[in-house]
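Asker: Have a look at the structure that comes next, please.
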Amino acid sequence: MHSMKAFELTVEPRTEKGKKVKRIRSEGLVPVIIYGLHTEPQVGQVQDIAFEKLYRKAGESSIVNVSLGADATIPTIIHSVDRHPVTDRIIHADLMRVDLAKEIEATVLLKHVGAAPAVKEFGAVVVTMRDSVRVRCLPKDLVHEIEVDLSGLAKIGDTVHVRDLKVPAGVTVADDPAAMIISIAAPRAEEEEKKPAAEEAAVPAEGEAAAEGAVASEGAATPAGKEGEAAPEKGKGGEAKQQAAKEGPKK
Numbered sequence: 408m409h410s411m412k413a414f415e416l417t418v419e420p421r422t423e424k425g426k427k428v429k430r431i432r433s434e435g436l437v438p439v440i441i442y443g444l445h446t447e448p449q450v451g452q453v454q455d456i457a458f459e460k461l462y463r464k465a466g467e468s469s470i471v472n473v474s475l476g477a478d479a480t481i482p483t484i485i486h487s488v489d490r491h492p493v494t495d496r497i498i499h500a501d502l503m504r505v506d507l508a509k510e511i512e513a514t515v516l517l518k519h520v521g522a523a524p525a526v527k528e529f530g531a532v533v534v535t536m537r538d539s540v541r542v543r544c545l546p547k548d549l550v551h552e553i554e555v556d557l558s559g560l561a562k563i564g565d566t567v568h569v570r571d572l573k574v575p576a577g578v579t580v581a582d583d584p585a586a587m588i589i590s591i592a593a594p595r596a597e598e599e600e601k602k603p604a605a606e607e608a609a610v611p612a613e614g615e616a617a618a619e620g621a622v623a624s625e626g627a628a629t630p631a632g633k634e635g636e637a638a639p640e641k642g643k644g645g646e647a648k649q650q651a652a653k654e655g656p657k658k
């Protein structure tokens, strides 16, 4: 976990708006807008390669001091960026003005440190539920990333939640404390083996099902006696009827 120094960014003023913005993108420039603190939004442009490098280092949780024309330096954070769906190049950026004396909310990345013993001992899998959290703090207390220690995850089923994060003084995590960040799952091969076994136990084999059906069918046709014979009637009345049938009609 590191506190991050402020970055410097020079933004050139621009007048192009709407469809004309496409032209500056074709020249290797990124259109930006600076807004916030109840001031009129200001527009500008920066070199795309330089801004990409800055964004990788600063992210969305570092102070970026912007120089725009003759204006005094403007403290901002990068609020969001838009990327081209095919080339992945940054094609637009929003910079939000910040008051250094007031708390702000920002997104901070989570960085895994250490190794989970369960991975080495059991071949377990580290499942990542989220890779960032929202924090609230003064701009000077912003951190670029928050570390998630995996060294205590010794067995399958162990987890790390938002409430387990260690953050510096002055920083408050704004997300749900019960939200899960990391979980340790059983090896994938083991999970795959368990699933077919459970399904096989639940569904009878085709031959068994056929045999059971045959037995049930026979039982319905011949509830008693030998196969092919009708069940004898119970009681004396039944025996008399059978005897009469053998003797034939009386003359």
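The sequence shown begins at 408 in the working numbering and counts up one residue at a time.
Where a beta carbon is used, it is the ideal one built from N, C-alpha and C, also for glycine.
In this text, all values refer to a predicted model and were calculated from it rather than measured experimentally.
#1: Go through its chain and collect everything with a Cβ distance to V534's Cβ below 8 Å, but skip five positions before and after it.
#2: Report all residues from its chain with a CB closer than 6 Å to the CB of G577; omit the five preceding and five following residues, and keep chain order.
#3: Determine the direct distance from the alpha carbon of A531 to that of V439, and round the result to whole angstroms.
#4: Could you check what DSSP says for A617 in three-state terms: helix, strand or coil?
#5: Near R537, what residues of its chain come up, given a Cβ to Cβ distance below 6 Å and the 5 sequence neighbours on each side ignored?
#6: Please look up how many angstroms separate the CB atoms of V437 and F458, rounded, as I've assumed it's under 8 Å.
#7: Could you check which residue in P546, K562, V540, E554 has the C-alpha nearest to that of P584?
#8: Checking 8 Å against the spacing of the C-beta atoms, do L517 and I484 come in under that value?
#9: Do the CB positions of A586 and H568 come within less than 8 Å of each other?
#10: Could you say which of H499, V550, Q449 lies nearest to R432 if we only look at CA atoms?
#11: Closest by CA to T514, which one among P546, F529, E434?
#12: Taking the alpha carbon of H491 as the point to measure from, which residue in I441, D455, D571 has its own alpha carbon closest?
#13: Tell me the rounded alpha-carbon separation between G521 and D556.
#14: Could you give the first and the last residue of the continuous alpha helix (DSSP H) run that contains D455?
#15: Report the residue from G425, S487, P594, I511 whose alpha carbon sits nearest the alpha carbon of A465.
#16: Check K427 in the structure and name its three-state DSSP category.
#17: Based on the DSSP secondary-structure assignment, which residues constitute the bridge partners of M503?
Answerer: Here's the rundown:
#1: Only I589, S590, I591, A592 meet the Cβ criterion.
#2: Correct list, in chain order: C544, D548.
#3: Answer to the nearest angstrom: the Cα atoms are 45 Å apart.
#4: With a pLDDT of 46 at A617, under the threshold of 50, the predicted position of this residue should be treated as unreliable, though the coordinate-derived value follows. DSSP, reduced to helix, strand and coil, places A617 within a helical segment of the structure shown.
#5: The answer, listed in chain order, is I588.
#6: Contact check for V437 and F458: beta-carbon distance about 5 Å, within the 8 Å limit, so the pair qualifies.
#7: Distances from the CA of P584 to each of P546, K562, V540, E554 were compared; the closest alpha carbon is that of V540.
#8: Their beta carbons are not under 8 Å apart, which means L517 does not touch I484 by this criterion.
#9: Contact flag set, yes.
#10: Sorting H499, V550, Q449 by C-alpha distance to the C-alpha of R432 places H499 at the top.
#11: Checking every option, the nearest Cα to that of T514 belongs to P546.
#12: Nearest neighbour of H491 by Cα position, chosen from I441, D455, D571, turns out to be D455.
#13: Note on geometry: alpha-carbon atoms of G521 and D556 lie some 6 Å from one another.
#14: Per DSSP, the unbroken alpha helix (DSSP H) holding D455 starts and ends at 455-465.
#15: Among G425, S487, P594, I511, the Cα nearest to that of A465 belongs to S487.
#16: In the three-state reduction of the DSSP assignment, K427 falls in the helix class, which pools H, G and I.
#17: Paired residue(s): Y442, I484.
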